[in-house]
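Q: Shown below is the structure under consideration.
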Amino acid sequence: MTHFSSIRPFFALLCVVAAVVSVGCTKKGKDLEITVPGQGKLTLPHKETLRVRIETEPPSIDWHKATDTTSALVTENLMDGLVGYDFSKPEPDVAPALAEKWRSKDNRVWTFTLRQGVVWSDGQPFGPQHVVDGFKRLLNPMTASEYAYFLYPLKNARAFAEGKLKDFAQVGVRVTGPNEVTVELDKPMSYFPFLLTHHSTFPVRQDVIDKHGDRWTEPANIVTIGPFRLKLWEHDKQLVMERNDAYYGVKPQLKYLVGLIIQEASTAINLFESGRVDALNSLPAQQIRELKKRKEFKAVGNLTIQYYGFNIEKKPMDNVKIRQAIAHAIDRQEIVNVLAGGQIPMTSFVPVGMFGYEAGRGRTFNIEKAKGLLKEAGYDDPTKIKIEFRSNQNENHQLIAENIQAQLKRNLGVSMEIKNEEWKVFLNTVKVDPPPMYRFGWQGDYPDPDNFLNLMTSYSENNRTRWKNKKYDDLIEKAATESDRERRRQIYAEAQKMLVEDDVPLVPLYTGVSHHMIAERVENYPVNILARYRYNEVRVK
Amino acid sequence: MPISVPTLNPNDPLPEGVDAAGPVSAPARSLWSDGFRRLRKNRAAVVSGIFILFICLMAAFADVVAPYSFETQNIDEMLQGPSAKHWFGTDSLGRDLLSRVIYGARMSMSVGVLTAIVSLLIGGIYGAISGWVGGRVDAAMMRAIDILQAVPELLLLILVMVVFNSVDVFESPELKALTGIFLALSIVGWVGLARIVRGQVMQVKQSLYVEAAQALGAKGRVVLFRHIFPNILGPIIVVLTFQIPSNVLFESFLSFIGLGLQPPFSSWGVLCNDGWKAKTDPHLIIFPGLALYLTMLAFNLLGDGLRDAFDPKMKNR
Chain V
0 MTHFSSIRPF FALLCVVAAV VSVGCTKKGK DLEITVPGQG KLTLPHKETL
50 RVRIETEPPS IDWHKATDTT SALVTENLMD GLVGYDFSKP EPDVAPALAE
100 KWRSKDNRVW TFTLRQGVVW SDGQPFGPQH VVDGFKRLLN PMTASEYAYF
150 LYPLKNARAF AEGKLKDFAQ VGVRVTGPNE VTVELDKPMS YFPFLLTHHS
200 TFPVRQDVID KHGDRWTEPA NIVTIGPFRL KLWEHDKQLV MERNDAYYGV
250 KPQLKYLVGL IIQEASTAIN LFESGRVDAL NSLPAQQIRE LKKRKEFKAV
300 GNLTIQYYGF NIEKKPMDNV KIRQAIAHAI DRQEIVNVLA GGQIPMTSFV
350 PVGMFGYEAG RGRTFNIEKA KGLLKEAGYD DPTKIKIEFR SNQNENHQLI
400 AENIQAQLKR NLGVSMEIKN EEWKVFLNTV KVDPPPMYRF GWQGDYPDPD
450 NFLNLMTSYS ENNRTRWKNK KYDDLIEKAA TESDRERRRQ IYAEAQKMLV
500 EDDVPLVPLY TGVSHHMIAE RVENYPVNIL ARYRYNEVRV K
Chain A
0 MPISVPTLNP NDPLPEGVDA AGPVSAPARS LWSDGFRRLR KNRAAVVSGI
50 FILFICLMAA FADVVAPYSF ETQNIDEMLQ GPSAKHWFGT DSLGRDLLSR
100 VIYGARMSMS VGVLTAIVSL LIGGIYGAIS GWVGGRVDAA MMRAIDILQA
150 VPELLLLILV MVVFNSVDVF ESPELKALTG IFLALSIVGW VGLARIVRGQ
200 VMQVKQSLYV EAAQALGAKG RVVLFRHIFP NILGPIIVVL TFQIPSNVLF
250 ESFLSFIGLG LQPPFSSWGV LCNDGWKAKT DPHLIIFPGL ALYLTMLAFN
300 LLGDGLRDAF DPKMKNR
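In the order they appear, the protein sequences are chains V and A. Sequential numbering from 0 applies to the first sequence in numbering that gives the first Met the number 0. Sequential numbering from 0 applies to the second sequence in numbering that gives the first Met the number 0.
Now the structure itself:
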């Protein structure tokens with residue numbers, strides 16, 4: 000009878016969960032076995048394999064197109080930039096990578112001397128043209144990279160990226176010697192080398208891309224230079240990376256690095272407990288208070304912010320007073336209490352712990368002001384206001400969304416409708432047609448406020464708010480070229496005021512903390528303020 | 000006296016329990032009272048029935064019964080275990096779990112019962128027409144059902160929910176979510192009922208009393224409503240008691256995969272979905288799970304009891 004069949008999916012689900020858990024118990028400490036297409040079965044020795052949870056299928060590991068932290072974790076282990084990081088100092092500093100050294104007299108023209116004898120994973124030698132090809136591909140309008148603006152400081156780069164200039168030779172980057180690349184900027188920029196640590200500015204093998212098109216990131220096609228090589232990519236399941244024995248830098252201790260794609264955080268924790276996963280880079284809030292007590296737990300402050308963005312072209316968010324009212328109506332301390340993971344409440348856009356952060360900046364929690372602003376906006380009955388909100392599926396984001404929903408209802412009487420989408424779908428939604436309100440976050444790519452504040456410039460692809468302000472753009476550009484630290488701070492203060500006090504295209508919520516669970520057999524796990532996970536120095540027992 | 004049947008004078012008043020048609024040995028009992036009498040003897044079914052009634056009352060008077068609101072968050076009291084203040088403890092946003100379970104009963108039960116009623120209306124009429132008319136009409140109607148059944152239920156459900164979610168008809172998000180689930184489940188649910196009603200109608204159609212009624216000149220409608228429906232109600236009620244819990248489970252499944260109720264509303268499915276993730280706080284899964292489990296059990300036991308009570312073959316046991 001049909002009415003029984005309807006019970007089946009539920010039981011099937013239970014069975015799957017039970018199966019996963021029971022398999023997890025039996026496989027502890029065993030070598031993993033994988034099947035590589037065309038190469039047959041391969042055994043990954045347990046003592047040389049690190050298994051890390053990654054939260055979703057990486058949307059793209061094409062380092063010019065990737066914009067999210069999941070993809071970045073993969074690309075940063077496969078590739079190197081001209082410049083890397085030295086995390087041994089308290090404030091992360093730049094360190095030589097593919098470029099052996101660099102020099103600049105006026106902070107405007109930079110010359111990079113490349114390391115010699117570096118080879119790509121297919122044996123071809125690395126050369127300056129690959130750097131230029133990388134820059135060209137990032138800026139090419141056909142690539143449509145959301146990170147193209149990273150190189151806008153280069154001379155003529157923006158015109159090229161916007162399609163106004165067709166000739167790339169006029170853009171400020173060229174090969175000036177067998178091992179030398181020279182970059183010419185529009186204006187002086189003291190932190191320029193920081194930009195070259197980011198995966199979007201990495202060199203690329205244009206010949207490989209020409210040959211394979213969009214499929215060049217598949218394991219059989221991709222050509223890389225970093226400490227690991229991509230061995231296998233089972234979509235929605237796992238990525239297996241193998242040590243690059245020809246790597247020029249610190250050679251990995253690991254033979255294999257496995258990224259297991261596990262969406263559900265609770266499943267990930269179960270797998271961690273049963274010894275099937277070695278490291279988790281994020282934990283659900285609900286469980287932090289218990290996991291905190293364990294010795295595998297590690298927390299480190301990071302340069303990430305969480306904010307709720309608006310689409311200022313959609314009702315009711317087209318009204319600035321309503322946006323301001325919402326900024327006043329949310330008690331950030333309450334959100335942080337819900338998360339209970341040591342996050343820092345924040346009303347400004349520059350995260351805590353970074354140059355340019357101002358504690359008092361932004362619209363703080365104040366119900367009276369919020370109510371007053373709603374009245375000014377012409378809403379005598381706030382219960383009529385309905386806000387459509389979207390987020391990606393994640394237990395913590397869900398918790399925050401439900402809390403803010405309750406806060407807005409309690410404090411203003413405004414109702415909010417929550418919808419969740421899968422990460423890839425969500426990224427596309429906010430890009431193509433952002434809802435009136437949506438959750439978003441930003442993880443610092445380099446430790447400079449420019450990295451945060453330029454997100455909201457009118458030409459930034461990461462600005463989903465539809466807010467465009469010429470004066471703000473000018474301030475950000477002015478600050479980037481200003482070399483006096485104090486004057487720079489003042490310019491950023493002025494820009495932040497426009498962003499979080501006057502026009503309010505977004506509401507900042509808190510500065511994040513990375514929570515990890517790292518198995519005892521793992522040594523030297525990279526936890527750092529920028530949440531960059533490079534695994535070449537990790538050892539496992 | 001040696002005569003076992005008393006002879007009556009036609010002018011005497013009739014003794015109680017005897018009608019003019021002739022002498023009988025016991026008071027007349029309808030199919031219904033017979034069924035209920037047998038049902039009362041089944042203790043498990045009676046207890047289940049009372050439990051279901053209790054849950055339904057709680058659901059109906061949730062506003063009165065629940066100690067707190069289902070959406071009031073108290074961050075200072077989040078993730079507490081059961082206590083005198085919060086009998087079922089609190090969830091990760093400091094909401095009282097008991098209140099959420101009670102309000103959840105309202106959602107879960109109304110989805111279960113309403114869907115069953117709509118399924119019965121659609122399926123009953125469809126099946127009755129198909130079974131009564133028979134012939135080509137029956138063949139065509141049954142093939143239509145086959146086509147509908149060939150589509151996997153879950154796929155159909157998801158499709159209906161997605162389409163429904165994209166249209167804006169209702170002001171209240173609560174009503175919108177409920178109507179969506181209820182529509183989706185009804186579309187899927189009536190098919191099984193239609194088949195059962197058709198089978199029953201076809202069976203009863205050929206029985207002697209129907210033939211007799213037709214021979215006496217009864218019209219189709221009269222035969223259908225006076226003779227056939229009362230005789231097939233038993234099996235239908237039984238099917239319904241199985242359908243209701245499966246609807247409740249399906250609602251929880253829909254909410255589980257994110258297509259059902261949206262926050263802050265709670266149903267048992269939503270609560271179980273939130274609860275199973277929280278390994279460190281077992282009360283979050285135990286209480287809603289228990290509510291769901293006990294209700295399912297009660298419906299199944301009651302269904303069993305009803306089947307035994309109304310099955311003509313079980314009459315003499």
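For glycine and all other residues, C-beta sits at the position ideal for the given N, C-alpha and C.
State the Cα-Cα distance for the pair LYS291 (chain V) and ALA267 (chain V), rounded to the nearest angstrom.
A: Going from the Cα of LYS291 (chain V) to the Cα of ALA267 (chain V) covers about 16 Å.
Q: Please check if any C-beta of chain A sits within less than 8 Å of the C-beta of LYS540 (chain V).
A: LYS540 (chain V) does not count as touching chain A.
Q: Measure from the C-beta of VAL20 (chain V) to each C-beta in chain A and report whether the shortest distance is under 8 Å.
A: Confidence is the limiting factor: at VAL20 (chain V) the pLDDT is only 49, short of 50, which leaves the residue's position unreliable, though a coordinate-based value still follows. Answer no: the Cβ-Cβ gap between VAL20 (chain V) and chain A never drops below 8 Å.
Q: Does ILE49 (chain A) get closer than 8 Å to chain V when you measure Cβ to Cβ?
A: Closer than 8 Å: no.
Q: Have a look at the DSSP bridge pairing and note the partners of VAL239 (chain V).
A: Answer is V:LEU231, V:VAL257, bridged to VAL239 (chain V).
Q: How many angstroms separate the CA atom of ARG37 (chain A) from the CA atom of ILE260 (chain V)?
A: Those two C-alpha atoms are separated by around 57 Å.
Q: How would you list, in chain order, the residues of chain V whose beta-carbon sits under 8 Å from the beta-carbon of PRO262 (chain A)?
A: In chain order: GLN397, ALA400, GLU401, GLN404, ILE417.
Q: Closest to GLY80 (chain A) by CA distance: which of A:PHE69, A:ASP307, A:ARG94 is it?
A: Nearest option by C-alpha distance: A:ARG94.
Q: Relative to chain V, which residues along the region 74 to 86 of chain A have a C-beta separation below 9 Å, given in chain order?
A: Those residues of the region 74 to 86 of chain A that come within reach of chain V (Cβ to Cβ, closer than 9 Å) are ILE74, ASP75, MET77, LEU78.
Q: With H, G and I counted as helix, E and B as strand and the rest as coil, what does DSSP make of MET497 (chain V)?
A: The answer is helix: DSSP assigns MET497 (chain V) an H, G or I state.
Q: Use the C-beta contact count for TYR255 (chain V): other C-beta atoms within 10 angstroms, 16 or more gives buried, fewer gives exposed.
A: Per the 10 Å Cβ criterion, buried.
Q: Taking Cβ to Cβ, would you say VAL299 (chain V) is nearer than 8 Å to ASN527 (chain V)?
A: Yes, they are a contact pair.
Q: Below 9 Å between beta carbons is the criterion; list the residues of the region 197 to 221 of chain A that meet it against any residue of chain V, in chain order.
A: Within the region 197 to 221 of chain A, no residue qualifies.
Q: Determine whether the beta carbon atoms of VAL196 (chain A) and ILE231 (chain A) lie at a separation below 8 Å.
A: Going by C-beta atoms, VAL196 (chain A) is nearer than 8 Å to ILE231 (chain A).
Q: Classify MET415 (chain V) as helix, strand or coil using the three-state DSSP reduction.
A: Note: MET415 (chain V) maps to strand in three-state DSSP.
Q: Buried or exposed: where does LYS104 (chain V) fall if 16 or more other Cβ atoms within 10 Å of its Cβ makes it buried?
A: It counts as exposed.
Q: Helix, strand or coil for LEU296 (chain A) per DSSP?
A: Helix.
Q: Relative to chain V, which residues along the region 85 to 113 of chain A have a C-beta separation below 7 Å, given in chain order?
A: Listed in sequence order: SER91, LEU92.
Q: Have a look at ALA96 (chain V) and HIS198 (chain V) and give me their C-alpha separation to the nearest angstrom.
A: Approximately 13 Å between the Cα atoms of the pair.
Q: I need the straight-line Cα distance from GLU79 (chain V) to ILE157 (chain A), nearest angstrom please.
A: The question names Glu, but residue 79 (chain V) in the sequence shown is Asp. If you take the alpha carbons of ASP79 (chain V) and ILE157 (chain A), they lie about 44 Å apart.
Q: Between TYR292 (chain A) and chain V, is there a C-beta pair that is closer than 8 Å?
A: No, TYR292 (chain A) lies away from the interface with chain V (no Cβ there is under 8 Å from its Cβ).
Q: At 3 residues or longer, what runs of the beta strand (DSSP E) sit wholly inside the region 474 to 538 of chain V?
A: Fully enclosed beta strand (DSSP E) runs of 3 or longer: 505 to 517.
Q: Would you give the residue range spanned by the beta strand (DSSP E) that GLN552 (chain V) belongs to?
A: Nothing about residue 552 (chain V) can be read from this structure; chain V reaches only from 0 to 540.
Q: Quick one: give me the first and last residue of the alpha helix (DSSP H) that SER91 (chain A) is part of.
A: Note, SER91 (chain A): premise wrong, no alpha helix (DSSP H); not H, not E.
Q: Do we get a CB-CB distance below 8 Å when we pair GLU333 (chain V) with the residues of chain A?
A: For GLU333 (chain V), the answer is yes, since a Cβ of chain A falls inside 8 Å of its Cβ.
Q: Within 10 Å of its beta-carbon, does HIS514 (chain V) have 16 or more other beta-carbons around it, so buried, or fewer, so exposed?
A: It is buried - the Cβ of HIS514 (chain V) has at least 16 other Cβ atoms within 10 Å.
Q: At least one CB of chain A closer than 8 Å to the CB of VAL276 (chain V): is that the case?
A: Output row for VAL276 (chain V): interface = no.
Q: Check the C-beta distance from MET436 (chain V) over to GLU387 (chain V) and give it rounded, since I have them as a contact under 8 Å.
A: Yes, they are in contact, since the Cβ atoms of MET436 (chain V) and GLU387 (chain V) sit about 7 Å apart, within 8 Å.
Q: Contact check, ILE101 (chain V) vs TRP109 (chain V) under 8 Å by CB: the rounded distance?
A: For clarity, residue 101 (chain V) is Trp in the given sequence; the question names Ile instead. Right, the Cβ-Cβ distance comes to about 6 Å (below 8 Å), so this counts as a contact.
Q: Note down, in chain order, each residue of its chain lying with its Cβ closer than 6 Å to the Cβ of THR68 (chain V), except the 5 sequence neighbours on either side.
A: Only GLN442 meet the Cβ criterion.
Q: Against chain A, does GLU241 (chain V) count as a neighbour if the rule is that its beta carbon must be under 8 Å from one of theirs?
A: It does not; no Cβ of chain A falls within 8 Å.
Q: Determine the direct distance from the alpha carbon of ASN336 (chain V) to that of ALA61 (chain A), and round the result to whole angstroms.
A: Cα-Cα distance, rounded: 30 Å.
Q: Can the beta-carbon of THR114 (chain A) be found closer than 8 Å to that of GLY188 (chain A)?
A: Yes, the Cβ-Cβ distance between THR114 (chain A) and GLY188 (chain A) is below 8 Å.
Q: Under 8 Å Cβ to Cβ from GLU152 (chain A), same chain only, skipping five residues before and after it: list those, please.
A: For GLU152 (chain A), where only same-chain residues beyond five positions count, the Cβ hits under 8 Å are VAL187.
Q: For ALA336 (chain V), return the contacting residues in chain A, with the cut-off set at a CB-CB distance below 7 Å.
A: Here residue 336 (chain V) is Asn; the residue named in the question, Ala, does not match the sequence. Under the 7 Å cutoff, chain A gives ILE74.
Q: Less than 8 Å between the beta carbons of ASN453 (chain V) and ASP444 (chain V), yes or no?
A: Against a cut-off of 8 Å, the Cβ pair of ASP444 (chain V) and ASN453 (chain V) comes out as no contact.
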